[in-house]
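These notes concern the structure reproduced below.
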Amino acid sequence: MPELWFRGRLRALPTAIAFGLGLNFVLVARFIYPEWFSFSLVKVGTWLGIAAWLFCVIRNVRELPTLLHPRKANPMPDRFVDAHLAFLRGQWSVAETLLSDGLAIEQRDPPALLLLAGVYRHTGRLDAARQCIQTLRVTEAADRWWLEVDAEEKRLLRDAAYRDDSTRVSTLSMSQNSTDVGPHRNAIAA
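According to the numbering used here, the stretch in the sequence shown is residues 15 to 204, in order.
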């Protein structure tokens, strides 16, 4: 259950469903309809369920530190500070590489996702930046980062509008230049 509860990993869902079904089956077979199965069969099923539960509890207790704080449990050093410095220096490819390495360890790290959205915005990959922002919007770990997420989204919208306006202006100026060229030629020819 901790995988499902803390991380939202769907691979833990079948185990949780199987355990719930098994527990309900044992309770129904023991207390509601005891005539369906012999008491010894229900007793064996109960002990098997308890053994499976203990196995899952021990496994999840061992994995709990990596579920709660994957960066601390990982032997790789945290390179977020280096990525932040590369971002401030304008070294977008270095920052992107370092952030991608960090996100491989912890996919739901709000500061890394925000910084990666900024890198994507600066390099002109606005769709990838939007995806980072959307990932942040649905990540509960980013609830405390709502102000920064909103600010980055406004910057993203500003850059998208600027890109659209500059495209529109360049298209408009090209069409005006083509109309300007025509009358000047006629004036020169006259």
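Using N, Cα and C, we set each Cβ at its ideal position, and we do this for glycine too.
Owing to the predicted nature of the structure, the values given are computational and were not obtained by experimental measurement.
Alpha carbon to alpha carbon, how far is residue j from residue i? Give it in angstroms, no decimals.
i, j, result
"ARG73", "ASP115", "27 angstroms"
"ALA43", "LEU27", "24 angstroms"
"ARG199", "ASP179", "Its pLDDT being 44, under 50, ARG199 is placed unreliably in this model, and the value from its coordinates should be taken loosely. Between ARG199 and ASP179, the C-alpha separation is close to 30 angstroms."
"GLY34", "TRP67", "11 angstroms"
"ARG25", "LEU37", "20 angstroms"
"PHE45", "VAL152", "43 angstroms"
"LEU102", "ARG135", "14 angstroms"
"ALA32", "PHE39", "10 angstroms"
"ALA165", "ARG172", "10 angstroms"
By the DSSP assignment, the alpha helix (DSSP H) with residue i in it spans what residues?
i, result
"ASP141", "140-152"
"VAL156", "Residue identity differs from the one stated: residue 156 is Ala in this sequence, not Val. First-last for ALA156: undefined, no H or E at that position."
"ARG103", "94-103"
"ALA118", "106-119"
"ALA126", "124-136"
"PHE39", "27-41"
With 16 other CB atoms within 10 Å as the buried threshold, where does residue i fall?
i, result
"PHE210", "No answer is possible for residue 210: the residues shown for the chain start at 15 and end at 204."
"ILE64", "exposed"
Which same chain residues, not among the five before or five after residue i, have their C-beta less than 8 angstroms away from its C-beta?
i, result
"VAL75", "none"
"LEU117", "ASP123, ALA126, LEU127 and LEU130"
"PRO48", "VAL56"
Output needed for residue i: all residues of its chain with C-beta closer than 7 angstroms, excluding positions within five of it in sequence on either side, in chain order.
i, result
"PHE53", "none"
"ARG169", "ARG135"
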